[in-house]
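Here's the structure, in structure tokens; my notes come after.
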Amino acid sequence: MNEGDPVLLSSGLVPRRNVTVIVRGSDGEVRGERYAENGVATTAWEFAPSAGERITELTVRPLHDPVASIGRVLGDRSVMYKYLNPNLLLITTVSDAETKATFTLLDSVSGNILYTTTHYGVDTSRPIVSTMSENWFVYSFWGDVVDPSGAPTSRPSPKGYHLIVSELYESPIPNDRGHLGSATNFSSTHAPPFVKPQAYLIPAPLSALAVTSTRQGITSRQILAFLADTHGIIAIPRVVLNPNRPVDRDPTPAEAEEGLVRYQPALDFDPKWVITHKRDVVGARKIITSPALLESTSLVFAYGVDVFGTRVAP
28 MNEGDPVLLS SGLVPRRNVT VIVRGSDGEV RGERYAENGV ATTAWEFAPS AGERITELTV
88 RPLHDPVASI GRVLGDRSVM YKYLNPNLLL ITTVSDAETK ATFTLLDSVS GNILYTTTHY
148 GVDTSRPIVS TMSENWFVYS FWGDVVDPSG APTSRPSPKG YHLIVSELYE SPIPNDRGHL
208 GSATNFSSTH APPFVKPQAY LIPAPLSALA VTSTRQGITS RQILAFLADT HGIIAIPRVV
268 LNPNRPVDRD PTPAEAEEGL VRYQPALDFD PKWVITHKRD VVGARKIITS PALLESTSLV
328 FAYGVDVFGT RVAP
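Under the numbering used here, residues 28 to 341 are what the sequence shown spells out, in order.
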């Protein structure tokens with residue numbers, strides 16, 4: 028079979044009509060294969076990294092990712108409407124020679140690029156992990172001020188472990204839904220979302236990321252991360268990683284009503300966030316979550332060299 032030839036599947040394995048399946052090509056590219064009723068796949072779109080770059084990770088929203096509210100209510104009772112697209116795909120590409128990492132958010136059905144950002148001075152030999160839920164995504168990497176040859180980079184990152192959180196909204200203006208306001212149906216050809224990022228320096232490397240999952244999505248989410256250095260799993264409250272925290276000033280009374288606190292670039296890990304307690308969990312490669320019958324509770328299971336399971340609640 029040659030590259031680009033149609034792929035035939037047995038009737039029991041053929042996806043539903045007009046379903047797009049994400050596949051990795053032999054040359055490192057990512058393709059969206061759209062299946063017809065006869066089981067033949069055609070390439071709807073293709074994403075190929077630039078010369079000298081390679082794809083390290085693909086991140087999508089969890090299968091069970093209910094949304095309890097379509098907007099974020101501000102302190103003055105106005106609403107920022109969330110950009111809710113179930114087909115989001117976050118692609119991480121790195122360049123070892125240029126010590127940079129690029130994060131590209133695209134629509135996995137149309138292939139349209141919605142957002143892209145590049146970080147320089149990144150140690151690509153260390154883990155670069157990401158996760159996504161609802162209208163936000165989080166990723167982590169190690170940033171340094173020199174490249175592998177020892178020469179300073181032209182656009183360095185602050186030295187340390189970085190944790191970046193970004194939220195997606197339909198418009199930067201409260202009570203405005205942008206191009207989607209007058210639309211009866213969602214279309215991926217509309218204007219890209221408004222993205223609001225914020226960066227934190229964290230004290231330890233993260234080698235796995237996941238998000239807690241509850242039955243109705245009402246409970247505040249937590250970001251689960253494996254700490255390879257201390258052999259533990261930490262649950263960071265989502266409210267702590269809020270890109271709307273005011274910078275270089277105290278929150279206004281309206282912002283305080285939202286629970287926002289002043290932004291601090293250094294994020295220390297509270298020992299109470301460690302859900303493994305005194306137990307050592309070694310070599311966890313993946314963290315998976317599942318909702319419990321109680322809305323406030325999420326089941327967590329990590330596996331790798333060791334296996335660990337527990338339940339968490341805010």
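Even glycine gets a Cβ: it sits at the ideal position worked out from N, Cα and C.
Since the structure is predicted, the reported quantities are computational estimates derived from the model, not experimental observations.
Quick check on residue 343: does DSSP put it in helix, strand or coil? Outside the displayed range of the chain (28 to 341) lies residue 343, so it cannot be described from this structure.
What residues are listed by DSSP as bridge partners for residue 134? The residue labelled residue 134 in the question sits at position 107 within the sequence shown. 115.
With distance defined between alpha-carbon atoms, name the residue in 251, 281, 163 and 309 nearest to residue 98. Indexing the sequence shown from 1 puts residue 98 at position 71. Measuring from the Cα of residue 98, the nearest candidate turns out to be 163.
Using the Cβ count rule (16 or more neighbours within 10 Å means buried), how would you classify residue 127? Position 100 of the sequence shown holds residue 127. That one is buried.
Please report the residue range of the beta strand (DSSP E) in which residue 313 lies. Translated into positions along the sequence shown, residue 313 becomes position 286. DSSP places residue 313 in the uninterrupted beta strand (DSSP E) bounded by 311-318.
Run through DSSP, which three-state label would residue 205 get? By 1-based counting over the sequence shown, the position of residue 205 is 178. Residue 205: helix per DSSP, three-state reduction.
Three-state secondary structure assigned by DSSP to residue 89: Within the sequence shown, the letter at position 62 stands for residue 89. Coil.
What's the C-alpha gap between residue 315 and residue 333? Stepping through the sequence shown from its first residue, residue 315 is reached at position 288. Stepping through the sequence shown from its first residue, residue 333 is reached at position 306. Cα to Cα, residue 315 sits roughly 14 Å from residue 333.
Report back the beta-carbon spacing between residue 131 and residue 143 to the nearest angstrom; my notes put them in contact at under 8 Å. Residue mapping note: residue 131 aligns to position 104 of the sequence shown, counting from 1. Residue mapping note: residue 143 aligns to position 116 of the sequence shown, counting from 1. With 8 Å as the limit, residue 131 and residue 143 qualify as a contact, their Cβ atoms being about 5 Å apart.
Are there 16 or more other CB atoms within 10 angstroms of the CB of residue 46, so buried, or fewer, so exposed? Position 19 of the sequence shown holds residue 46. Exposed is the call here.
Cutting at 6 Å between CB atoms, please list the residues of its own chain near residue 150, excluding the five before and the five after it. As a first step, residue 150 must be located in the sequence shown, where it is residue number 123. Sequence-distant Cβ neighbours of residue 150 in its own chain, meaning closer than 6 Å and more than five residues away, are 169 and 171.
Residues in its own chain within less than 7 Å of residue 317 by CB, not counting five upstream and five downstream? Within the sequence shown, the letter at position 290 stands for residue 317. Result list for residue 317: 240 and 326, in chain order.
First and last residue of the beta strand (DSSP E) that includes residue 59? The residue given as residue 59 occupies position 32 in the sequence shown. Bounds of the beta strand (DSSP E) holding residue 59 are 57-62.
How far does the beta strand (DSSP E) with residue 338 in it extend, from its first residue to its last? Taking the sequence shown and counting its residues from 1, the one referred to as residue 338 is at position 311. Segment 334-339, the beta strand (DSSP E) holding residue 338.
Endpoints, the beta strand (DSSP E) within which residue 260 is located: For the purposes of this step, residue 260 is identified with residue 233 of the sequence shown, where counting begins at 1. Counting along the chain, the beta strand (DSSP E) containing residue 260 begins and ends at 259-264.
For residue 219, I'd like the list of residues in its chain whose CB is within less than 7 Å of its CB, leaving aside the five on either flank, ordered along the chain. Translated into the one-based positions of the sequence shown, residue 219 becomes position 192. Here the set comprises 141 and 142.
CA-to-CA distance, residue 91 to residue 257, given in whole angstroms: Indexing the sequence shown from 1 puts residue 257 at position 230. Indexing the sequence shown from 1 puts residue 91 at position 64. Taking the Cα positions, residue 257 is about 30 Å away from residue 91.
Quick one, are the C-beta atoms of residue 155 and residue 120 less than 7 Å apart? As a first step, residue 155 is located in the sequence shown; it is residue number 128 there, counting from the start. As a first step, residue 120 is located in the sequence shown; it is residue number 93 there, counting from the start. Cβ atoms of residue 155 and residue 120: not closer than 7 Å.
Would residue 116 and residue 137 qualify as a contact pair, given that the criterion is a beta-carbon distance under 7 Å? The count along the sequence shown starts at 1 and reaches residue 116 at position 89. The count along the sequence shown starts at 1 and reaches residue 137 at position 110. No, these two residues do not count as a Cβ contact at 7 Å.
Could you work out which residue in 230, 196 and 74 is closest to residue 296 when comparing CA atoms only? The count along the sequence shown starts at 1 and reaches residue 296 at position 269. Answer by Cα proximity: 230.
For residue 81, write down the residues that DSSP places opposite it in a beta bridge. Residue mapping note: residue 81 aligns to position 54 of the sequence shown, counting from 1. For residue 81, DSSP records a beta bridge to 121.
Count the other CB atoms, across all protein chains shown, that sit within 10 Å of the CB of residue 246; report buried if there are 16 or more and exposed otherwise. Working through the sequence shown from its first residue, we reach residue 246 at position 219. By the 10 Å Cβ count, residue 246 comes out buried.
Assess contact between the segment 260-274 and the segment 288-303, defined as three or more Cβ pairs (one per stretch) separated by less than 8 Å. Is contact present? yes
Identify which residue in 320, 87 and 338 has its Cα closest to the Cα of residue 133. Here residue 133 is taken as the residue at index 106 of the sequence shown, counted from 1. Comparing Cα positions, the closest option is 87.
Going by the CB atoms, is the gap between residue 226 and residue 236 shorter than 7 Å? Translated into the one-based positions of the sequence shown, residue 236 becomes position 209. Translated into the one-based positions of the sequence shown, residue 226 becomes position 199. No, they are not a contact pair.
Just mark residue 77 as buried or exposed, buried being the case when its beta carbon has 16 or more other beta carbons within 10 Å. Mapped onto the sequence shown, residue 77 falls at position 50. Exposed, since its Cβ has fewer than 16 Cβ neighbours within 10 Å.
Assuming residue 96 contacts residue 201 (C-beta within less than 8 Å), just tell me the rounded distance between them. Working through the sequence shown from its first residue, we reach residue 96 at position 69. Working through the sequence shown from its first residue, we reach residue 201 at position 174. At roughly 15 Å, the Cβ-Cβ gap does not stay under 8 Å, so residue 96 and residue 201 are not in contact.
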